[in-house]
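Reading through the structure tokens given below for one structure.
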Amino acid sequence: MRGERVLNDEERRELLRRARHAAARALGLPAGPSPGEPAGALALPAAAFVTWRKEGRLRGCVGSVLPERALAADVESNAVEALLHDPRFPPATPRDFSRYEVEVSVLGPLEPIAAPSDVEVGRHGLFVEKGSRAGLLLPQVAREWGWDAERFLEQVCLKAGLPGDAWRAPGKGLSVYRFSAEVFGESDFRPASA
3 MRGERVLNDE ERRELLRRAR HAAARALGLP AGPSPGEPAG ALALPAAAFV TWRKEGRLRG
63 CVGSVLPERA LAADVESNAV EALLHDPRFP PATPRDFSRY EVEVSVLGPL EPIAAPSDVE
123 VGRHGLFVEK GSRAGLLLPQ VAREWGWDAE RFLEQVCLKA GLPGDAWRAP GKGLSVYRFS
183 AEVFGESDFR PASA
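Okay, structure coming up:
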């Protein structure tokens, strides 16, 4: 399990169950009983991203930047959006659903940054915005690709449709933020192989 810890293991498992349940229902698959009303931290406003992988490869990732609804509702909605409406991928099919793994990233607050030294790779994600353009990369992306802080900043600018070096000239309508995220997936709760 990665990132700053706010949720306990049962809350993490519950969010993963809710993500899978919502996606199964959206695909018309048997999903079992409804998870019911969320309680505790899952009922509080929070922003989250849901990532689906198939055999280790990205299959969809959608989320919220700002905490505008209960965490459980945000995860459920983003799970469906990531699986069926991520524009980078065709919609998932029921046939392959059992081969997908889900990961949840619960975002902390956005904090403005001024320099690459403000970014700790593997701990912080990045969000940039300028006018109608915006881009976000989760903390695990830089670690997975082996990027340093400058490369991470370049990549988030490119994701926003901006020049890669746009972060070097803050102001002019450009805002750059970091955030922490509590990242966990189904693989974190599997028994270790013998």
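Mapped onto this note's numbering, the consecutive letters of the sequence shown carry residue numbers 3 to 196. Beta carbons are placed, not taken as given, at the ideal position from N, Cα and C, and that holds for glycine.
- Inter-residue distance for residue 124 and residue 52 is about 18 angstroms (C-alpha atoms, whole angstroms).
- Exclusion of the five residues before and after residue 57 leaves 101 as the residues of its chain whose Cβ lies within less than 7 angstroms of its Cβ.
- Looking at the DSSP output, residue 126 sits in a beta bridge with 123, 182.
- Judged by DSSP secondary structure, residue 49 falls outside any alpha helix (DSSP H) and instead within the beta strand (DSSP E) spanning 49 to 56.
- Per DSSP, reduced to three states, the secondary structure at residue 189 is helical.
- Exposure of residue 134 is indicated by the presence of fewer than 16 other C-beta atoms within 10 angstroms of its C-beta.
- Around the Cβ of residue 20, a 10 Å sphere holds 16 or more other Cβ atoms; the residue is buried.
- Rounded to the nearest angstrom, the Cβ distance from residue 78 to residue 24 is 4 angstroms, consistent with a contact under 8 angstroms.
- Between the stretch 143 to 161 and the stretch 112 to 129, the count of Cβ pairs shorter than 8 angstroms is three or higher; the stretches touch.
- Taking all protein chains shown into account, residue 126 has 16 or more neighbouring C-beta atoms within 10 Å of its C-beta and is therefore buried.
- Between the stretch 91 to 107 and the stretch 175 to 189, the count of C-beta pairs closer than 8 angstroms reaches three or more; the two stretches touch.
- Burial state of residue 97 is exposed, judged by a 10 Å Cβ sphere holding fewer than 16 other Cβ atoms.
- Less than 8 angstroms divides the Cβ of residue 67 from the Cβ of residue 138.
- Under the DSSP assignment, residue 64 falls in the beta strand (DSSP E) whose first and last residues are 59 to 65.
- DSSP places residue 163 outside both helix and strand once states are collapsed to three, so it counts as coil.
- For the 8 angstroms CB-CB criterion, residue 73 and residue 41 do not form a contact.
- In the DSSP assignment, residue 136 is bridged to 131.
- The beta carbon of residue 8 sits closer than 6 angstroms to the beta carbons of 184 from its chain, once the five residues preceding and following it are set aside; these are given in chain order.
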